[in-house]
């Protein structure tokens, strides 16, 4: 049995948080759907009620203290916020569980270095849809939205990354992500 980390990444506006939430809800509705699969919560220096992601809110000082104490398996800074994945994911993997986490495209190499059995999944969307989604959430200025779009174009992913084009319905995108999760869990259980 070999546990696997599923590292899901994508630009702001790709619908990544929505797909992760729907995949988790779908598995939760199944008998024993989450017995072998854990969704890692990110520790983020933003309020708990900000954004669509179910995360653990930390103050910048608390985040720094945890980072200094070595409590994060992964951590990064992006768009003025600090993000961390707790060491608990290593315990989950050691127990043979499949772990799904919300990662960063820019920090994929660090995750690959730390976790040998990693399936990288990129959520993508066409530029116009991404722009519309960013405008609809009304969290950034027009200039910040354009900067995010430019960053989307500038980051290139390695060829082994699985691509999910999230341009259909939420159910269609989540079904694609669920197929990846279920394939990893099947392989881990073999």
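Residue numbers (my numbering): 38 to 227. Backbone N, C-alpha and C define an ideal beta-carbon position, used for all residues, glycine too.
Local conformation of residue 176 per DSSP, three classes: For residue 176, the three-state secondary structure derived from DSSP is coil.
According to DSSP, residues forming a beta bridge with residue 43: 137, 156, per the DSSP bridge assignment.
Let's test the definition: count the other Cβ atoms within 10 Å of the Cβ of residue 38 and tell me whether it reaches 16, buried, or not, exposed. Note that residue 38 scores a pLDDT of 44, beneath 50, so its modelled location is shaky and nothing firm can be said.
I need the straight-line Cα distance from residue 187 to residue 169, nearest angstrom please. Each residue's alpha carbon lies about 15 angstroms from the other.
Would you please state the rounded distance, in angstroms, between the beta carbons of residue 41 and residue 166? I believe it to be under 8 angstroms. Beta-carbon to beta-carbon, residue 41 and residue 166 are separated by about 30 angstroms, too far to satisfy the 8 angstroms threshold.
For residue 14, collect the residues of the same chain with a Cβ closer than 8 angstroms to its Cβ; drop the 5 residues on either side in sequence, then sort them by chain order. For residue 14 there is no data in the structure shown, the boundaries of the chain being 38 and 227.
DSSP three-state label for residue 55, please. Of the three classes helix, strand and coil, the one that applies to residue 55 here is helix, per DSSP.
Consult DSSP for residue 199 and reduce its assignment to one of helix, strand or coil. The DSSP-derived three-state label of residue 199 is strand.
Are residue 77 and residue 125 closer than 9 angstroms when you measure CB to CB? Taking 9 angstroms as the Cβ cut-off, residue 77 and residue 125 qualify as a contacting pair.
Would you kindly report the start and end of the unbroken beta strand (DSSP E) that includes residue 77? For residue 77, no beta strand (DSSP E) run applies, since DSSP gives it neither H nor E.
Flag this pair as yes or no: are the beta carbons of residue 94 and residue 105 separated by less than 9 angstroms? Contact flag unset, no.
For my contact list, residue 203 and residue 160 are in at a C-beta cut-off of 8 angstroms; report their separation, rounded to the angstrom. About 5 angstroms; that satisfies the 8 angstroms criterion.
Look up residue 121 in the DSSP assignment and say whether it is helix, strand or coil. Strand at residue 121.
Do residue 79 and residue 121 have their CB atoms nearer than 9 angstroms? It is a contact, given that the beta carbons lie within the stated cut-off.
By alpha-carbon positions, which one of 115, 85, 81 ends up nearest to residue 100? When the alpha-carbon of residue 100 is set against those of 115, 85, 81, the nearest one is in 81.
Checking the sheet assignment: what are the DSSP bridge partners for residue 161? According to DSSP, residue 161 bridges with 202.
As assigned by DSSP and simplified to three states, the class of residue 115: Shown here, residue 115 sits in a strand according to DSSP, grouped into three states.
Do residue 162 and residue 48 have their C-beta atoms closer together than 9 angstroms? Contact: yes.
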